[in-house]
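K.L.:
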Amino acid sequence: MQTMAAIFEFNPNNTIGALLIGTLASMVLWGISTTQVYMYFSAYRDDRMFLKTMVVVVWLSELAHALCISHVLYIYAVTNYGNPLVFLHHVPVTLPLTVVLGALTSAIVQGFYAFRIWTLAPNRIFKLIPIVIWCCILTFFFTIVADTVFAIEAINAPTFDAKYKWLLLFPTWLNVFDDNTITVSMVCLLLIQRRNSLTKTTVMVDRLIKWTMETGMMTSVFGLLSLIFLTRSDQDFIWIAMQIIKARLFANSLLASLNARSFLRQDQTIISAYNLSSRRTGTTNGTGTTRGVESRVEFAPANVGMKVSLRDQLQLRDESDLAGGAGWCGDGDEE
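Going by full-length UniProt numbering, the sequence shown opens with residue 1, and the numbers climb by one from there.
#1: Count the CB pairs spanning the segment 28-39 and the segment 108-124 that are closer than 8 Å, and state whether there are at least three.
#2: Can you list the alpha helix (DSSP H) stretches of 4 or more residues lying completely in the segment 113-187, in chain order?
#3: Confirm, please, whether the CB-CB distance from L73 to L29 is below 8 Å.
#4: Which term fits residue 336, buried or exposed, when burial requires 16 or more other beta carbons within 10 angstroms of its beta carbon?
#5: Restricting to Cα atoms, I'd like to know which of D179, S42, V78, T94 is closest to F140.
#6: Please report how far the alpha carbon of A114 lies from the alpha carbon of K127, in whole angstroms.
#7: Kindly indicate which three-state DSSP category H71 falls into: helix, strand or coil?
#8: I'd like to check one pair, T98 with I144: are the Cβ atoms closer than 8 Å?
#9: Put N13 into one of helix, strand or coil per three-state DSSP.
#10: How about residue 337 and I32: do their beta carbons lie closer than 8 Å?
#11: Three Cβ pairs or more, each shorter than 8 Å: is that satisfied between the segment 239-246 and the segment 219-231?
#12: Where do the ends of the alpha helix (DSSP H) carrying Y82 lie?
#13: Taking C-beta to C-beta, are M186 and I117 nearer than 8 Å?
#14: Which same chain residues end up closer than 8 Å to I182 when comparing Cβ atoms and leaving out the 5 residues on each side of it in sequence?
#15: What residue does the alpha helix (DSSP H) around R45 start on, and which one ends it?
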């Protein structure tokens with residue numbers, strides 16, 4: 001018994017406490033993602049079946065993930081309350097399943113964003129980036145699957161960590177690499193679009209760049225924290241808590257990007273309405289502000305013309321696609 005105690009020093013703060021905080025935070029994020037799923041199916045009923053299926057799979061994966069992590073918390077905090085030696089026993093099957101379900105969500109979301117990079121890549125060289133990302137995603141996911149199998153078969157957590165810690169570090173590093181590569185690539189694509197955009201479109205692209213960096217940084221930060229805590233100590237659950245939250249952030253990032261298409265369309269509609277009004281009236285006031293009978297929006301000055309060509313409209317559509325993947329999946333309300 002003393003030997004076992006020397007192997008594992010129990011600290012409820014960084015074990016059960018970390019697991020509890022991670023579970024509570026993940027449940028809040030799961031509620032948000034559930035609301036976003038409802039909003040998606042309410043607003044985009046005409047989206048293609050592939051996109052709808054992806055949303056359903058992500059949500060079901062998140063639901064199973066929530067059930068598994070809740071079971072793990074119940075086993076450690078309730079069933080084995082006051083029994084720290086439970087951490088030296090066989091790990092609950094739902095704990096490694098939680099890891100693989102989180103990896104499934106991450107792989108789907110990153111794979112989707114990689115396809116958007118492929119679709120919008122300006123040349124063949126840029127298309128190599130999503131190919132590399134896809135290869136890393138497959139390696140990441142199958143490594144996590146192997147990790148899960150070994151964890152289920154292991155005698156206890158310390159034994160597994162001593163033998164297969166590299167199998168935890170490697171996919172975690174790959175996931176961080178994929179996440180940062182996707183973020184940088186999407187920002188670069190937006191900057192390319194920005195160079196040939198109109199002033200109004202430039203404002204929207206700037207908004208997309210800010211949004212892409214913010215969402216990419218959130219998942220990247222939690223991925224890096226998970227890697228740091230796993231490297232520092234694999235005997236606590238802090239890194240698991242980071243992984244739990246990160247999986248929720250991936251799902252929310254995807255759903256938020258899909259639901260954001262309606263807001264981007266509003267910007268496109270404003271530009272189109274202005275062009276239609278300008279062509280119909282062609283009148284200006286003394287300050288150079290064009291006023292249209294059917295447009296409630298004013299743009300100054302009028303001598304800019306604001307003639308949105310088909311090329312510029314396609315650019316605007318591509319930028320909307322980059323944010324939500326609308327184009328190849330079908331918007332449902334395209335004209």
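C-beta atoms are modelled at their ideal positions from N, C-alpha and C, and glycine is treated no differently.
P.N.:
Looking at the coordinates:
#1: Contact between the segment 28-39 and the segment 108-124 is absent, with fewer than three C-beta pairs closer than 8 Å.
#2: Unbroken alpha helix (DSSP H) runs of no fewer than 4 residues, entirely contained in the segment 113-187, are found at 124-153, following chain order.
#3: Looking up residue 29 in the sequence shown gives position 29. Looking up residue 73 in the sequence shown gives position 73. Contact: no.
#4: There is no way to answer for residue 336, as the model of the chain reaches only from 1 to 335.
#5: Translated into the one-based positions of the sequence shown, residue 140 becomes position 140. Closest by C-alpha distance to F140, out of D179, S42, V78, T94, is D179.
#6: Taking the sequence shown and counting its residues from 1, one reaches residue 114 at position 114. Taking the sequence shown and counting its residues from 1, one reaches residue 127 at position 127. Using only the alpha carbons, I get a separation of about 10 Å.
#7: Locating residue 71 in the sequence shown gives position 71, counting from the first residue. If DSSP states are grouped into helix, strand and coil, H71 belongs with the helices.
#8: Translated into the one-based positions of the sequence shown, residue 144 becomes position 144. Translated into the one-based positions of the sequence shown, residue 98 becomes position 98. No. Outside cutoff.
#9: Here residue 13 refers to the residue found at position 13 of the sequence shown. Helix.
#10: Since the displayed the chain opens at 1 and closes at 335, residue 337 lies outside it and no answer follows.
#11: Using a Cβ-Cβ distance cut-off of 8 Å, the segment 239-246 and the segment 219-231 are in contact, since at least three pairs of beta carbons, one from each stretch, lie closer than that value.
#12: Counting from 1 along the sequence shown, the entry for residue 82 is found at position 82. At residue 82 the sequence reads Gly, which differs from the Tyr that was named. Under the DSSP assignment, G82 falls outside any alpha helix (DSSP H); it carries neither an H nor an E label.
#13: Reading the sequence shown from its first residue, position 186 is the one you call residue 186. Reading the sequence shown from its first residue, position 117 is the one you call residue 117. In this structure, I117 lies closer than 8 Å to M186 by Cβ.
#14: In the sequence shown, residue 182 corresponds to position 182, counting from 1. The answer, listed in chain order, is Q110, Y113, A114, I117, I133, G216.
#15: Numbered from its first residue, the sequence shown carries residue 45 at position 45. If you look at R45, you'll find it isn't in any alpha helix (DSSP H); DSSP assigns it neither H nor E.
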